[in-house]
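Single-structure report; data block below.
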């Protein structure tokens, strides 16, 4: 699970890192979203 800066939590799977250094996460709806550093936080 991850937490976004606006406080919402969501599930996703880390797919890798883009060419420009953004973390690529596949969400539950199978879309892939790129996040910049400090944009999201991984929850344990």
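In this note's numbering, the protein residues as written are 2 to 45. We treat Cβ as the ideally placed atom computed from N, Cα and C, and that holds for glycine.
| Asked | Found |
| --- | --- |
| Could you give the distance in angstroms between the alpha-carbon of residue 55 and the alpha-carbon of residue 20? | Residue 55 is absent from the model: the chain starts at 2 and stops at 45. |
| Give me the Cα-Cα distance between residue 18 and residue 38, rounded to the nearest whole angstrom. | 11 Å |
| Would a C-beta distance cut-off of 9 Å place residue 26 and residue 33 closer than the cut-off? | yes |
| So which of 29, 31, 35, 11 has the shortest CA-CA distance to residue 22? | 35 |
| In the DSSP assignment, what residue or residues form a beta bridge with residue 4? | 10, 42 |
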